[in-house]
Every structure is written in C-alpha cells, then in structure tokens.
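Right, one structure below, let's go through it.
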Amino acid sequence: MLRRLLLLSILLVGSFEALADEPSQARIAELIQKLGSQSFRERENAQKELSQLPEDYLPLLQEAATKSSDSEVLERIRSIIRVQIERCFGLIQAFHTDGSVNAAFLESDGKTLISLGGNGTARFWEVSSAKLLREQKFSDQGTQAIRFSPSGKKMAFSPLSSSDPQIAVFEISTAKKLQDFSGPREGICQFNWSREERYLVGSGYDNKLRLWDTKTGKELLQLYSQVGARGVAVSAQGEEIVAGYENGEVHLLDAKTGKVIRKFSGHKRGVFVIALSPDEKTIATSDDNCIRLFNRESGKELENLAVPARVASMRFSPNGKRLLSGGSDNTLSLWNIETGKLLHRYEHHAGTISEVCFSAEGRQAISASVDGDVLLWKVPK
1 MLRRLLLLSI LLVGSFEALA DEPSQARIAE LIQKLGSQSF RERENAQKEL SQLPEDYLPL
61 LQEAATKSSD SEVLERIRSI IRVQIERCFG LIQAFHTDGS VNAAFLESDG KTLISLGGNG
121 TARFWEVSSA KLLREQKFSD QGTQAIRFSP SGKKMAFSPL SSSDPQIAVF EISTAKKLQD
181 FSGPREGICQ FNWSREERYL VGSGYDNKLR LWDTKTGKEL LQLYSQVGAR GVAVSAQGEE
241 IVAGYENGEV HLLDAKTGKV IRKFSGHKRG VFVIALSPDE KTIATSDDNC IRLFNRESGK
301 ELENLAVPAR VASMRFSPNG KRLLSGGSDN TLSLWNIETG KLLHRYEHHA GTISEVCFSA
361 EGRQAISASV DGDVLLWKVP K
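Under the UniProt record's numbering, residues 1 to 381 are what the sequence shown spells out, in order.
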C-alpha cells in the first residue's frame with residue numbers, strides 16, 4: 001500500500017506545481033501519502049489539514065481520488081472532498097413556492113430574499129428561517145419578462161397579455177409604479193438594466209431593440225433588425241448597447257445612432273443571454289452550448305466555456321472575477337473568469353434555472369427555478 005501511495009503522490013506533483021500558493025505541492029503529496037499511514041494520529045492530522053485547503057485545490061483532490069487504488073485511502077479522500085464541498089459551496093437556505101419562480105434577489109443586508117413568480121406575485125422571505133414574511137401582487141395577468149435592478153430596489157416588468165403591451169418599472173418595497181413605457185404587442189424577450197439603474201434596454205419579438213431613460217420616462221432608441229435581437233445589455237452611462245442575435249452575431253452598438261461599433265464572432269446559434277462585467281471591459285455571451293467571454297474594446301475572444309445545456313441566466317460577481325450561469329440542465333455553475341475554469345457545479349434543482357445572481361458582497365449565490373424553489377448557496381473567497 002505504501003508503494004501505491006508513493007506513486008500517487010509522484011503523479012500529483014506535476015499538477016500541484018501549477019499552484020503557487022501555500023501549501024507547496026510537496027506538502028500536499030506528503031499529506032496524501034500520510035492518509036495511508038499506520039499511525040492513527042498521522043492519518044487524522046493529514047485528513048484535517050487537507051480538509052482545510054482552499055477551494056482551488058478541490059480539483060486536485062478529485063484527481064487524487066481517480067488515481068488511488070487503495071480503498072481506505074480512496075474513502076478518506078472522498079470524505080475530504082465532501083467536507084470541502086460543504087464548507088466552500090454548501091446550501092445555506094431553501095425557499096419553496098407553489099409555482100414557477102422567474103426572478104430572485106438577496107437584499108444588501110443579507111436578511112431578506114425576494115422572489116417573483118410567473119403569476120406576478122413577489123414574496124419576501126426571512127433568510128435565517130426561510131419564513132415567508134409577506135406577499136405583494138404586481139400583476140393579475142402573469143409575467144412575460146422580469147428584471148430586478150442591480151440594487152434590487154426596482155423591477156422592470158412586462159405583462160403576459162399582448163392586449164396590454166405596457167412595460168412598467170416598479171419600486172419593489174411599496175409596489176409603486178414609477179414609470180410606464182410603450183412596448184411591442186408581440187412581446188418582450190429580455191430586459192437588462194445599466195449598472196447605475198438609469199437606463200433600461202429591451203429586446204422585442206417585433207425584432208426591435210428599445211432603450212429607455214427610467215428617470216425621464218423617454219424612449220431613447222428604437223432599432224429594427226431583420227434578424228431579431230434577443231440577449232441585450234447596456235453600459236452604465238447608456239452610450240452603448242450589446243445585442244445578441246438569433247443568427248449568432250453579437251454587436252456593440254452606439255445607443256444614439258444605432259450604428260455597429262464592433263462585432264464579436266464565434267457563436268453558431270442564437271445568442272439569448274448577455275452579461276457585462278462590473279468594469280464593463282468583459283462581455284459574456286451564450287448560445288445553447290457555450291459561454292464566450294470577449295474583450296469589449298478589442299473584440300478578442302478571451303475564453304470559451306463549454307456548458308452542458310442551454311443557459312438561461314448569467315451574472316458576474318461584484319469584483320468581476322467570477323461568473324454564475326444556470327439553465328436547462330437544472331444546475332448552477334460557478335466559473336473562474338481569470339482562468340476559464342469551472343470552480344463548482346451546484347446540483348439540487350428539479351427544473352430549469354430561470355435566474356442566477358450573487359449577493360452584494362459576492363459570498364452567496366442565488367438560483368431561482370421553474371421547480372418553484374429559490375436556493376441560497378455558499379461561494380468561497
């Protein structure tokens with residue numbers, strides 16, 4: 001058994017050399033070797049130290065599990081992996097509703113979570129207990145498109161009925177209607193807010209992009225394209241729009257003139273989801289089999305992240321270093337933007353994930369699903 005452990009530790013050294021942070025690769029290999037020690041104290045101390053490793057080491061522990069041929073050591077590594085996953089990525093709280101959930105948001109103090117169902121009803125939850133505090137009805141017609149503002153204080157809302165194409169902006173805490181905008185009878189595909197919440201962009205099923213000023217109530221742009229725009233985002237000052245089209249094209253547009261500033265290529269299918277990083281230097285776009293990251297200024301593709309199914313929602317973390325994605329495979333994925341690596345795939349939902357977002361400080365992840373659940377997860381530093 002000792003010989004097998006020595007071989008395993010040698011195989012792992014090359015993988016650990018990629019990590020510059022302490023502990024060293026030699027120390028990790030030594031700890032893995034000690035998992036097979038005849039000394040109970042050595043085994044327990046090694047297991048404890050490995051369990052406290054940063055989340056970046058989790059893939060290497062998983063690799064060790066695939067290479068170990070010793071059943072006792074394998075079970076100890078698996079036990080460490082379970083502890084690591086729970087410590088770094090565990091479920092914090094679950095909020096259950098009786099219908100599909102289209103959107104969710106965690107208030108900045110972390111004490112209250114808001115969910116919005118397809119029936120137009122918002123629910124306010126106490127995070128610590130998952131207790132339902134109150135309900136607020138926003139529409140009797142159901143919802144077609146919904147988007148919480150970045151602060152979670154406002155919401156853009158499009159009713160399901162085509163007979164009433166009005167688009168409303170509500171103050172969530174009071175349900176007061178702040179603005180009304182005229183929308184297409186064909187319906188709205190998607191909304192997105194600017195970071196400072198002044199501008200709202202929407203893509204319509206009439207193949208028109210619309211940009212509104214939520215402070216003045218004015219429509220600033222209405223732009224028709226033969227190939228419909230679907231995924232949309234708008235810059236903080238409202239000067240540029242990012243639009244993804246059904247033919248896979250992604251354009252950076254001048255919001256005043258509608259002219260194309262830059263094109264981003266690579267997608268083969270319709271681009272229905274777009275996200276801008278907090279510093280607005282990186283654009284994330286997705287069709288149904290990948291997420292592409294582009295440099296906004298140069299148009300260069302930075303990463304191509306393979307996903308197992310259609311992505312319905314993406315969000316950058318507040319510091320811009322991570323990305324959440326969720327969709328029709330019922331899982332939530334956490335990506336390291338700097339390396340392009342998948343950090344973790346959260347699995348618990350029984351239906352398509354409709355929206356994902358981070359908490360204000362980026363240490364929790366929220367996933368809302370058509371299965372009626374909103375889940376709050378741990379996100380490591």
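Every residue, glycine too, gets a C-beta built ideally from N, C-alpha and C.
| Item | Value |
| --- | --- |
| Three-way DSSP call (helix, strand, coil) for K281 in this model | coil |
| Short Cβ contact (9 Å threshold) for L60 with I28 | yes |
| Rounded distance between the beta-carbons of L221 and A243, thought under 8 Å | A243 to L221, Cβ: 11 Å. No contact. |
| Cβ contact check for the stretch 61-81 and the stretch 102-115: 3 or more pairs under 8 Å | no |
| Where the alpha helix (DSSP H) containing I261 begins and where it ends | Counting along the chain, I261 falls outside any alpha helix (DSSP H), though it belongs to the beta strand (DSSP E) covering V260 to F264. |
| R134 classed as buried or exposed, judged by whether at least 16 other C-beta atoms fall within 10 angstroms | exposed |
| Cutoff 6 Å; reference L343; Cβ partners in own chain excluding five residues on either side | L334 and N336 |
| Residues that I188 bridges to, as DSSP identifies them | G204 |
| Distance between T331 and E347 (C-alpha atoms, nearest Å) | 5 Å |
| Under 9 Å between C-beta atoms of V101 and G372 | yes |
| Strand pairing of S313, partner residues [DSSP] | G326 |
| Closest residue to L113 among L35, S286, S139 and S151 (Cα-Cα distance) | S151 |
| T121 - containing beta strand (DSSP E), residue span | T121 to E126 |
| Closest residue to I291 among D279, G231 and E240 (Cα-Cα distance) | G231 |
| Own chain residues within Cβ distance below 6 Å of V374, not counting five before or after | F95, V101, A104, S115 and A368 |
| For F272, three-class secondary structure by DSSP | coil |
| Expected contact under 8 Å - CB spacing of residue 411 and V273 to nearest Å | In the structure as shown, the chain starts at 1 and stops at 381, and residue 411 therefore has no counterpart that could be examined. |
| Cβ separation of M155 and I146, assumed to be a contact under 8 Å, to the nearest whole Å | 7 Å |
| Residues bridged to L53 [DSSP beta-bridge criterion] | None, per the DSSP bridge assignment. |
| Environment of Y199 [buried if 16+ CB atoms lie within 10 Å] | buried |
| Three-state secondary structure (DSSP) of T66 | helix |
| 8 Å CB neighbourhood of G90 in its chain, flanking five on each side removed | W377 and K378 |
| Cβ pair G117, T97 closer than 9 Å | yes |
| C-beta atoms of G320 and V356 nearer than 9 Å | no |
| Nearest residue (CA-CA) to E361, options R322, D329 and S354 | R322 |
| For R292, the three-state DSSP class (helix, strand or coil) | strand |
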